[in-house]
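K.L.:
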Amino acid sequence: MPGRLSIFDDLAFKQDIAKKFGPFRDTVGLLNKRYNIAPTLNIPIYTNAKVYAYAHFGLIPSWASQRSSMQINARSETVFEKSSFKEAYKQRRCLIPLNGYFEWKKDAVSKTSKAHFIVSTSGDYFTFAGIYESWYDNALQKSILTCALLTTEPNEKIAKLHDRMPVILESNQWELWLNPRSSYSELNSLLIALPSDKIRYFPVSELVNSVKNNSIECIIEDLEVKPRQGTLF
DNA sequence: CCAGACGTTGTT
DNA sequence: GTCTGG
DNA sequence: CCAGACGTTGTT
DNA sequence: GTCTGG
2 MPGRLSIFDD
12 LAFKQDIAKK
22 FGPFRDTVGL
32 LNKRYNIAPT
42 LNIPIYTNAK
52 VYAYAHFGLI
62 PSWASQRSSM
72 QINARSETVF
82 EKSSFKEAYK
92 QRRCLIPLNG
102 YFEWKKDAVS
112 KTSKAHFIVS
122 TSGDYFTFAG
132 IYESWYDNAL
142 QKSILTCALL
152 TTEPNEKIAK
162 LHDRMPVILE
172 SNQWELWLNP
182 RSSYSELNSL
192 LIALPSDKIR
202 YFPVSELVNS
212 VKNNSIECII
222 EDLEVKPRQG
232 TLF
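Following the numbering used here, the numbering of the first sequence begins with 2 at its first residue and continues without gaps.
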């Protein structure tokens with residue numbers, strides 16, 4: 002379950018968007034770099050209305066009264082038919098630029114979870130397929146954007162880590178994904194795993210476990226091998 | 001008809 | 001808001 | 001996703 | 001063990 006994200010450089014994405022779709026409204030501006038993004042925090046999204054804006058990570062249906070009814074992931078196999086997602090899927094699709102995301106793999110022996118950072122093999126950013134909603138926040142007395150990312154069956158490489166993975170789009174698929182006239186069958190053809198050779202992952206520090214940590218240490222490869230007890234001499 | 005749910009993942 | 005279950 | 005809380009009453 | 005918050 003992609004439940005922890007990272008974005009610290011969106012310049013290439015913004016250039017690519019402008020090149021492909023022309024001018025857009027940018028309410029993000031200078032990106033707030035975040036190496037460790039948990040649900041409920043804001044992530045930038047580019048919407049089918051040509052707006053680049055922050056959205057609450059965790060989609061809250063417009064009719065929901067509580068923030069806690071948010072969903073961070075939507076299964077691509079059923080997103081078109083679920084009451085919480087179907088309207089957003091039909092009318093409000095977006096791109097979510099990210100530099101990477103995290104998965105935790107549980108060790109059967111130690112029973113502890115180890116974090117891994119997943120990035121593009123090319124060193125480029127990822128673009129996740131997302132859906133978004135507007136939700137009235139009573140505390141703030143205003144509407145906010147909320148979003149969720151779509152998941153699918155993992156490719157061979159990610160399957161070693163997890164049994165789901167986010168839908169990651171390539172730039173030649175963006176237009177079809179955002180176009181309001183795209184048919185369900187056209188959209189469906191996009192909701193598949195990115196090939197294994199375009200993605201890689203490595204273990205990272207346990208610092209990322211706590212949402213309070215947001216330093217670059219969260220995404221640096223952790224090569225430290227834990228010494229086994231009783232092996233000193 | 002009204003009431004109540006509406007979701008995913010991992011783990012058991 | 002919209003669907004499902006009773 | 002993981003970490004951290006998990007409760008009540010009366011008083012300030 | 002399970003829920004909530006970030």
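Backbone N, C-alpha and C fix where the C-beta goes; we use that ideal spot for every residue, glycine too.
Note that the coordinates shown come from a computational prediction; the quantities given were computed from them, not determined experimentally.
Quick one: give me the first and last residue of the alpha helix (DSSP H) that L179 is part of.
P.N.:
W175 to L179
K.L.:
Going along the chain, which residues of its own chain have a beta-carbon closer than 6 Å to the beta-carbon of Q142, five neighbours each way excluded?
P.N.:
Cβ within range, chain order: n/a, list empty.
K.L.:
Beta-carbon separation of P3 and V29 under 8 Å?
P.N.:
no
K.L.:
May I ask you to list the residues that DSSP assigns as paired with R258?
P.N.:
Outside the shown range of the chain, which is 2 to 234, sits residue 258, and nothing can be said about it.
K.L.:
Rounded to the nearest angstrom, what separates F22 and T122 at their Cα positions?
P.N.:
26 Å
K.L.:
Ignoring anything shorter than 3 residues or poking outside the segment 49 to 88, list the beta strand (DSSP E) runs there in chain order.
P.N.:
52 to 58 and 74 to 76
K.L.:
Starting from I217 and walking both ways along the alpha helix (DSSP H), at which residues does that stretch end?
P.N.:
No alpha helix (DSSP H) holds I217; DSSP gives it neither H nor E.
K.L.:
When you compare each of G101, P204, K106 and L146 to R68 by their alpha carbons, which one comes out closest?
P.N.:
Closest in alpha carbon position to R68, among G101, P204, K106 and L146, is L146.
K.L.:
In three-state terms, what does DSSP make of I193?
P.N.:
In the three-state DSSP reduction, I193 falls in the coil class, being neither helix nor strand.
K.L.:
Just to confirm, is the Cβ distance from F129 to F118 under 8 Å?
P.N.:
no
K.L.:
Taking all protein chains shown into account, decide if V212 is buried (16 or more other Cβ within 10 angstroms of its Cβ) or exposed.
P.N.:
exposed
K.L.:
If we call anything under 8 Å between Cβ atoms a contact, is C148 one with G131?
P.N.:
yes
K.L.:
Tell me the DSSP secondary structure of N100 in three-state form.
P.N.:
coil
K.L.:
In three-state DSSP terms, what is Y126?
P.N.:
coil
K.L.:
Roughly how many angstroms lie between the CA atoms of A89 and E225, to the nearest whole one?
P.N.:
Computed Cα separation, rounded: 43 Å.
K.L.:
W136 and S84 - do their beta-carbons sit closer together than 8 Å?
P.N.:
no
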